[in-house]
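Written below as structure tokens is the structure these notes are about.
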Amino acid sequence: MSETSEKSFSPRIVAFLCNWCSYSASDLAGTSRIKYAPQVRMIRVMCSGRVDPTFILKAFALGADGVMIAGCHPGDCHYIEQNYKTLRRYLFLRRMLRQVGIEENRLRLVWASASEGPQLAQAINQFVEEVRQLGPLSWSQNWQENGQRQQALQAIVQEHESALEVLEK
2 MSETSEKSFS PRIVAFLCNW CSYSASDLAG TSRIKYAPQV RMIRVMCSGR
52 VDPTFILKAF ALGADGVMIA GCHPGDCHYI EQNYKTLRRY LFLRRMLRQV
102 GIEENRLRLV WASASEGPQL AQAINQFVEE VRQLGPLSWS QNWQENGQRQ
152 QALQAIVQEH ESALEVLEK
């Protein structure tokens with residue numbers, strides 16, 4: 002990718018943020034007037050453990066260039082151990098993404114407590130820059146468009162569900 006096109010490319014990032022910690026950290030960053038990349042579309046979830054792998058795949062299928070999951074630090078989860086489930090899913094998803102031809106660096110997991118607004122903003126900015134360096138994903142354009150993208154994604158997820166069930170035990 003040329004230097005000019007790198008600067009003109011504005012990656013689309015979807016971020017799933019835990020209601021109790023990471024979303025509060027993003028709010029703190031905003032009220033503290035700490036700037037972070039505007040390309041990130043934040044989705045508040047009650048817990049990072051609630052982020053289903055299909056959410057990640059659907060975000061990529063619908064045009065996201067990168068996906069971030071942010072949650073409470075391990076051991077500080079409002080729902081006891083759900084962020085450990087998040088970590089297992091994250092590792093599983095990185096392996097799955099590699100198998101379907103997506104750079105695993107397009108998925109990021111960040112731990113941020115409610116008081117870590119500056120750290121979350123820094124992690125967001127760093128992730129946006131890394132995705133900018135990778136260039137546009139254009140994954141959805143690689144599929145032969147026949148209206149079957151969602152069914153194909155579901156088939157991939159079902160194929161890997163048994164592995165995910167083993168990880169979650």
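Using my numbering, you'd call the opening residue of the sequence shown number 2 and step up by one each time. For every residue, glycine included, the Cβ atom is placed at its ideal position computed from N, Cα and C. Owing to the predicted nature of the structure, the values given are computational and were not obtained by experimental measurement.
Close CB contacts of Ser-114 within its chain, under the 7 Å cut and outside five residues either way in sequence, are with Cys-22, Ala-26, Cys-73, His-74 and Asp-77 (chain order). Less than 8 Å divides the Cβ of Ile-70 from the Cβ of Phe-17. Every beta strand (DSSP E) stretch that sits fully inside the segment 44-86 and reaches 3 residues is listed by chain position as 67-72.
Annotated as proximal: Val-111 and Ala-124, with beta-carbon spacing under 8 Å. The Cβ atoms of Ile-57 and Leu-108 sit closer than 8 Å to each other. A residue is called buried when at least 16 other Cβ atoms come within 10 angstroms of its Cβ; Gln-83 meets this threshold and is buried. Here DSSP, grouped into helix, strand and coil, assigns Val-111 to strand. According to the DSSP assignment, Leu-18 belongs to the beta strand (DSSP E) that extends over 14-19.
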